[in-house]
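Residues in the sequence shown are numbered consecutively from 1364, following the working numbering.
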Amino acid sequence: MSYYYSRIVTIPFEEVIQKLTQNLQQQGFGIITTIDLKDTFRQKLAVDFRKYKILGACNPQFAYQAVTIDSHMGLMLPCNIVIQEHENNTVEVSAVNPQQMIRQITTSDHLWEFANEVNNRLRTAVDNLHYDHPSQQHKEALPTDNISQDNIIPMPE
């Protein structure tokens, strides 16, 4: 079992980010951090790099449960998702595999079950990139009318 889960899509980079953000919201996650490595490398190192963003996804309910069970679980938060464009214009989306990470640090069955649920939701968000209207919206999905405009990247015209 790998420490990440990955899919390659032929959807434009910016559209992938927008769809992924919506899919994560349907799974109860919000994007709390965005790191643009292309921009960072350009500014700090004067290096040209491919499109590469790291999104930090957080489900507040799961985060609360995790740090309540083990106060050091904050070291595993947020769940990182990498979106990177390859030379052939395909876009790879990779999400951390919480099950594998938890397996490495604890033998707690409760944390394992918890990590399984988080993993399933992250995988669903990534797998549903191919659909215009993804299914499997969970009851704690974040409302789409209160989305911070800072977290949505506009579609290219």
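Glycine is no exception: its CB is placed at the ideal position from the N, C-alpha and C atoms.
With 16 other Cβ atoms within 10 Å as the buried cut-off, status of Leu-1387
buried
Considering just the uninterrupted stretch of the beta strand (DSSP E) at Glu-1455, what are its terminal residues?
1454-1459
So, are the CB atoms of Val-1456 and Leu-1383 less than 8 angstroms apart?
Yes, the Cβ-Cβ distance between Val-1456 and Leu-1383 is below 8 angstroms.
Residues that DSSP places opposite Glu-1448 in a beta bridge
Paired residue(s): Val-1454.
Would Thr-1507 be called buried (16 or more neighbouring beta carbons within 10 Å of its own) or exposed?
Confidence at Thr-1507 is low in this model, with a pLDDT of 35, below 50, so the placement of that residue is unreliable and no value is reported for it.
Where Phe-1412 and Ala-1426 are concerned, what is the direct C-alpha to C-alpha distance, given to the nearest angstrom?
Their Cα atoms are separated by approximately 33 angstroms.
Of all the alpha helix (DSSP H) runs that stay within the bounds of the segment 1372-1437, which reach a length of 4 or more residues?
1376-1389, 1400-1408, 1423-1432
Identify the residues that DSSP records as bridge partners of Ser-1471: which are they?
For Ser-1471, which the question treats as bridged, DSSP gives no partner whatsoever.
When you compare only the Cα positions, how much space is there between Thr-1396 and Asn-1483?
21 angstroms
Spatial neighbours of Tyr-1367 within its chain, please: CB distance less than 7 angstroms, with the 5 preceding and 5 following residues excluded, ordered by chain position.
Ser-1457, Ala-1458, Val-1459, Asn-1460
Based on the DSSP secondary-structure assignment, which residues constitute the bridge partners of Ser-1369?
Ser-1457
Return the residue from the list Ala-1429, Asn-1443, Gln-1447 that minimises the CA-CA distance to Glu-1352.
Coverage of the chain is limited to positions 1364 through 1520, which leaves residue 1352 absent and any answer about it impossible.
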